[in-house]
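Q: Anchor point for the sequence shown: position 26 equals 7 in our numbering, and the numbering is continuous, going up by one each time. All C-beta atoms in this analysis are idealised placements derived from N, C-alpha and C, irrespective of residue type, glycine included. One structure follows; several queries about it will come next.
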Amino acid sequence: MKKLDNKEYLMKISERVKEIRTQKGLSLYAFAKKMNTSRTQAIRIESGQNTGIGTLRDVCIALDVKLIDLLNIDE
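This is the structure:
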């Protein structure tokens, strides 16, 4: 299996965020509200746009998951 480049890895993390959010039954609006951010920013996170570590921390808090749960992607 090939190693993912940074962009592909970020997309996988974004897909994981969306997967967890939907499993928890959160709308984009509710997710954004829990993160104290805009719905537009939540969409950016889930679309794989460059996301900083601080934002990932906010995502983890909003989804009540550990950072490793987002970063542990099968390559």
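Starting from the C-beta of Asn(-6), find all residues in its chain whose C-beta is less than 6 Å away, skip the five residues before and the five after it, and write them out in chain order.
A: By 1-based counting over the sequence shown, the position of residue -6 is 13. Note that residue -6 corresponds to Ile in the displayed sequence, not to Asn. Counting only Cβ-Cβ distances below 6 Å, and skipping sequence neighbours, we find Leu51.
Q: In angstroms with no decimal places, state the Cα-to-Cα distance between Lys82 and Ala23.
A: With the chain running from -18 to 56 in the structure shown, residue 82 is simply not present.
Q: May I have a chain-ordered list of the alpha helix (DSSP H) segments no shorter than 4 residues that lie completely inside the segment -13 to 52?
A: The qualifying runs are -13 to 4, 9 to 16, 20 to 27, 34 to 44 and 48 to 52.
Q: Does the beta-carbon of Arg38 have 16 or more other beta-carbons within 10 angstroms, so that it is buried, or is it exposed?
A: By 1-based counting over the sequence shown, the position of residue 38 is 57. Burial call: exposed.
Q: For Ile42, count neighbouring Cβ atoms within 10 angstroms of its own Cβ and tell me buried if that reaches 16, exposed if not.
A: Numbered from 1 along the sequence shown, position 61 holds the residue referred to as residue 42. Counting Cβ neighbours within 10 Å, Ile42 comes out exposed, since fewer than 16 surround it.
Q: In whole angstroms, give me the CA-to-CA distance for Gln30 and Tyr10.
A: Residue numbering aside, residue 30 sits at position 49 when the sequence shown is read from its first letter. Residue numbering aside, residue 10 sits at position 29 when the sequence shown is read from its first letter. Near 18 Å, if we compare the C-alpha coordinates of Tyr10 and Gln30.
Q: CB-CB under 8 Å to Val(-2), same chain, minus the five flanking residues each way: which ones, in chain order?
A: By 1-based counting over the sequence shown, the position of residue -2 is 17. Correct list, in chain order: Ile26, Glu27, Val40, Leu44 and Leu51.
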